[in-house]
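Trainee: Residue numbering for the sequence shown follows numbering that gives the first Met the number 0, beginning at 0 and increasing consecutively.
By construction, the Cβ of each residue, glycine as well, lies at the ideal position given by its N, Cα and C atoms.
My questions will all concern the structure given below.
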Amino acid sequence: MSGAAVDATAPGATTRDAARSAAAGGAAATAALGELPVVVTHHDPQHGVATYAAQIAATVEARTGRHLALDVADLLDVADLLDVPDDAAGPDQGPGPSLGADPDDVSVPRAHLQFTDRLWGPSPSAAADVVEHLADTTALTVTLHDLPQPSDGERNLRRRGEAYGRVVAAARGVVVNSEHERALLREWVAFDGPVAVIPLPVDRHPLPTGRPEPDGDVAVIGFFYPGKGHAEVVAAVAGLAAARPDADDARDGSGATRPRADATGVVALGRASSGHEAELRQLVDEAAGLGVPFGATGYLDDATLLDRARRASVPVAAHQHVSASGSIATWIAAGRRPLVPDTRYSREMAALRPGTLTLYPEGGLAAAIATALADPASTWLDDDARTLPGLDEVADAYTTWWAGEVRW
Numbered sequence: 000m001s002g003a004a005v006d007a008t009a010p011g012a013t014t015r016d017a018a019r020s021a022a023a024g025g026a027a028a029t030a031a032l033g034e035l036p037v038v039v040t041h042h043d044p045q046h047g048v049a050t051y052a053a054q055i056a057a058t059v060e061a062r063t064g065r066h067l068a069l070d071v072a073d074l075l076d077v078a079d080l081l082d083v084p085d086d087a088a089g090p091d092q093g094p095g096p097s098l099g100a101d102p103d104d105v106s107v108p109r110a111h112l113q114f115t116d117r118l119w120g121p122s123p124s125a126a127a128d129v130v131e132h133l134a135d136t137t138a139l140t141v142t143l144h145d146l147p148q149p150s151d152g153e154r155n156l157r158r159r160g161e162a163y164g165r166v167v168a169a170a171r172g173v174v175v176n177s178e179h180e181r182a183l184l185r186e187w188v189a190f191d192g193p194v195a196v197i198p199l200p201v202d203r204h205p206l207p208t209g210r211p212e213p214d215g216d217v218a219v220i221g222f223f224y225p226g227k228g229h230a231e232v233v234a235a236v237a238g239l240a241a242a243r244p245d246a247d248d249a250r251d252g253s254g255a256t257r258p259r260a261d262a263t264g265v266v267a268l269g270r271a272s273s274g275h276e277a278e279l280r281q282l283v284d285e286a287a288g289l290g291v292p293f294g295a296t297g298y299l300d301d302a303t304l305l306d307r308a309r310r311a312s313v314p315v316a317a318h319q320h321v322s323a324s325g326s327i328a329t330w331i332a333a334g335r336r337p338l339v340p341d342t343r344y345s346r347e348m349a350a351l352r353p354g355t356l357t358l359y360p361e362g363g364l365a366a367a368i369a370t371a372l373a374d375p376a377s378t379w380l381d382d383d384a385r386t387l388p389g390l391d392e393v394a395d396a397y398t399t400w401w402a403g404e405v406r407w
């Protein structure tokens, strides 16, 4: 492969071109490219963190005019190539990784990762292994997602805490999406170093003329898994149904309940997280026994998800132990004001974006759903609701942080 420098700013130039140009052009080219890291992406459109990585990469590219997105497989190719000992190559080794066989001809000096252990490896320790391997050849910054916390259970809290500790130790800079997450990092990873807080973005979709007819469902967005809030929503809706004056009409001769034709349903706008399909089927059966129609839509593309989010009678984000919520951002982007449990994180988000959330106290979900059903307008954002920062503002925050605050 030729070592000639490539104009990394030319139309059609890629991040691979930029890396090659940096290596071939010497220190000056490396310094110029080193102002911003590549932004690592993943080919998994159904994973929220992977989707967010792609959004950040695309927006930073649009704002800076730089070609920065790099697929994780390509970054691993570079790390593997640069990690080969000098005496390991031989005449029968073959052409090597797709970026080229000469370590001096490729370089990714800096990279930014969106990290959650479930995206980077089959176990927390394996995910940390990957990051440490990358850090051997590339200066890394990371955004942490799904921070360890006690709801993980004692064993997983320890395993995940150790893995996240290894990741932040390998990184030159760390970002979280909320002050709540910064506290979790301090409390359960025992990391008290510098941490930047850059919130998840919300970009409101243009509203159609008129609001769609409610579909009769209380909806929860995102993957289904125990603890996400689906079971709590089913129980709350069942409690409302049982309190109806005509509730006895919904019982058969054995005393078991059955769904009424006009019963409020519960829907998961998404699919079961891998490994939790059996629990989804179990909750469907339990809900039927309580007289509550419940089901999951499976994966929805962006347009269909937006449509379903707007047609839901009651938007809910009932996760009790969330560290930062893409589900909340999705509801707000659709113009909805979701019901959210009153937690340290939700209070922070309510202050960041006033008028976008309806917080309910512990034990107050059923009452909040009843109020929302009686007052559908309360589930929609007012025209003047504050939803910033959006993707542009978040991308600018990252570029400012990389340029001025990270000790590369």
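Can you tell me the Cβ-Cβ gap for residue 340 and residue 359, rounded? I've got them flagged as a contact below 8 Å.
Mentor: Within the sequence shown, the letter at position 341 stands for residue 340. Within the sequence shown, the letter at position 360 stands for residue 359. So it is a contact: roughly 6 Å between Cβ atoms.
Trainee: If we ignore side chains and look at the alpha-carbon of each, how far apart do residue 433 and residue 130 end up?
Mentor: Since the first residue of the chain shown is 0 and the last is 407, residue 433 is not available in this structure.
Trainee: Which two residues bound the contiguous alpha helix (DSSP H) that contains residue 197?
Mentor: Taking the first residue of the sequence shown as 1, we reach residue 197 at position 198. Note, residue 197: premise wrong, no alpha helix (DSSP H); not H, not E.
Trainee: Going by DSSP, which residues form a beta bridge with residue 111?
Mentor: On the sequence shown, residue 111 is found 112 positions in, with the first residue counted as 1. According to the DSSP secondary-structure assignment, residue 111 is paired through a beta bridge with 38, 140.
Trainee: For the putative contact between residue 221 and residue 274, defined by C-beta atoms under 8 Å, what is the C-beta separation to the nearest angstrom?
Mentor: Stepping through the sequence shown from its first residue, residue 221 is reached at position 222. Stepping through the sequence shown from its first residue, residue 274 is reached at position 275. Taking a contact as a CB-CB distance under 8 Å, the pair residue 221 and residue 274 does not count as one, their CB atoms being some 16 Å apart.
Trainee: If contacts are defined as beta-carbon pairs under 8 Å, then residue 219 and residue 289 qualify, I think. What distance do you get, rounded to the angstrom?
Mentor: In the sequence shown, counting from the first residue as 1, residue 219 sits at position 220. In the sequence shown, counting from the first residue as 1, residue 289 sits at position 290. Incorrect: roughly 16 Å between the Cβ atoms, too far for contact.
Trainee: With a cut-off of 8 Å on the beta carbons, I'd call residue 386 and residue 201 a contact; round off their distance for me.
Mentor: Locating residue 386 in the sequence shown gives position 387, where the first residue counts as 1. Locating residue 201 in the sequence shown gives position 202, where the first residue counts as 1. Yes, they are in contact, since the Cβ atoms of residue 386 and residue 201 sit about 5 Å apart, within 8 Å.
Trainee: Which residues in the same chain as residue 308 place their Cβ atom closer than 8 Å to its Cβ, once the five residues preceding and following it in sequence are excluded?
Mentor: Position 309 of the sequence shown, counted from the start, is the residue given in the question as residue 308. Around residue 308: 218, 220, 268, 314, 329, 330, 333, 335.
Trainee: Run through DSSP, which three-state label would residue 335 get?
Mentor: In the sequence shown, residue 335 corresponds to position 336, counting from 1. Here residue 335 sits in strand by DSSP.
Trainee: So, with DSSP's three-state summary, where would you put residue 85?
Mentor: As a first step, residue 85 is located in the sequence shown; it is residue number 86 there, counting from the start. Because the pLDDT at residue 85 is just 39, under 50, the model does not fix this residue reliably, and the value given afterwards should be weighed accordingly. It is helical.
Trainee: State the start and end residues of the unbroken alpha helix (DSSP H) segment that holds residue 235.
Mentor: As a working note, residue 235 is residue 236 in the sequence shown. Counting along the chain, the unbroken alpha helix (DSSP H) around residue 235 starts and ends at 229-241.
Trainee: Quick check on the burial criterion: 16 or more other C-beta atoms within 10 angstroms. Buried or exposed for residue 151?
Mentor: As a working note, residue 151 is residue 152 in the sequence shown. By the neighbour-count rule (16 or more Cβ atoms within 10 Å), residue 151 is buried.
Trainee: Can you give the Cα-Cα distance for residue 380 and residue 355, rounded to whole angstroms?
Mentor: Numbered from its first residue, the sequence shown carries residue 380 at position 381. Numbered from its first residue, the sequence shown carries residue 355 at position 356. Cα to Cα, residue 380 sits roughly 6 Å from residue 355.
Trainee: Thinking residue 240 and residue 291 are a contact (beta carbons under 8 Å), I'd like their distance in whole angstroms, please.
Mentor: Position 241 of the sequence shown holds residue 240. Position 292 of the sequence shown holds residue 291. Confirmed, about 7 Å.
Trainee: Considering residue 69, what are the terminal residues of the beta strand (DSSP E) in which it resides?
Mentor: As a position in the sequence shown, residue 69 is number 70, starting the count at 1. Residues 68-70.
Trainee: What's the C-alpha gap between residue 113 and residue 317?
Mentor: By 1-based counting over the sequence shown, the position of residue 113 is 114. By 1-based counting over the sequence shown, the position of residue 317 is 318. Cα to Cα, the separation comes out at about 24 Å.
Trainee: Tell me, please, whether the stretch 106-120 touches the stretch 36-44 by the rule of three or more beta-carbon pairs shorter than 8 Å.
Mentor: yes
Trainee: Report the residue ranges of all alpha helix (DSSP H) runs contained in full by the stretch 341-370; include only those spanning at least 4 residues, in chain order.
Mentor: Listed in chain order, they are 343-351.
Trainee: Can you find at least 3 beta carbon pairs, one from the stretch 62-73 and one from the stretch 137-156, that sit closer than 8 Å?
Mentor: A contact is defined here as three or more CB-CB pairs under 8 Å, and the stretch 62-73 fails this definition with respect to the stretch 137-156.
Trainee: Measure from the alpha carbon of residue 174 to the alpha carbon of each residue in 373, 194, 213, 75, then state which is nearest.
Mentor: For this step, residue 174 is matched to residue 175 along the sequence shown. Minimum Cα distance to residue 174 is reached at 194.
Trainee: Going by DSSP in three states, residue 191 sits in which element: helix, strand or coil?
Mentor: The residue given as residue 191 occupies position 192 in the sequence shown. DSSP, reduced to helix, strand and coil, places residue 191 outside both helices and strands of the structure shown, so it counts as coil.
Trainee: Which stretch, first to last residue, makes up the alpha helix (DSSP H) that contains residue 393?
Mentor: Mapped onto the sequence shown, residue 393 falls at position 394. Here the alpha helix (DSSP H) through residue 393 covers 390-403.
Trainee: Indicate the three-state DSSP secondary structure (helix, strand or coil) for residue 380 in the structure shown.
Mentor: Taking the sequence shown and counting its residues from 1, the one referred to as residue 380 is at position 381. Note: residue 380 maps to coil in three-state DSSP.
Trainee: When you compare each of 53, 170, 60, 162 to residue 405 by their alpha carbons, which one comes out closest?
Mentor: For this step, residue 405 is matched to residue 406 along the sequence shown. Looking at the Cα atoms, 170 is the closest of the given residues.
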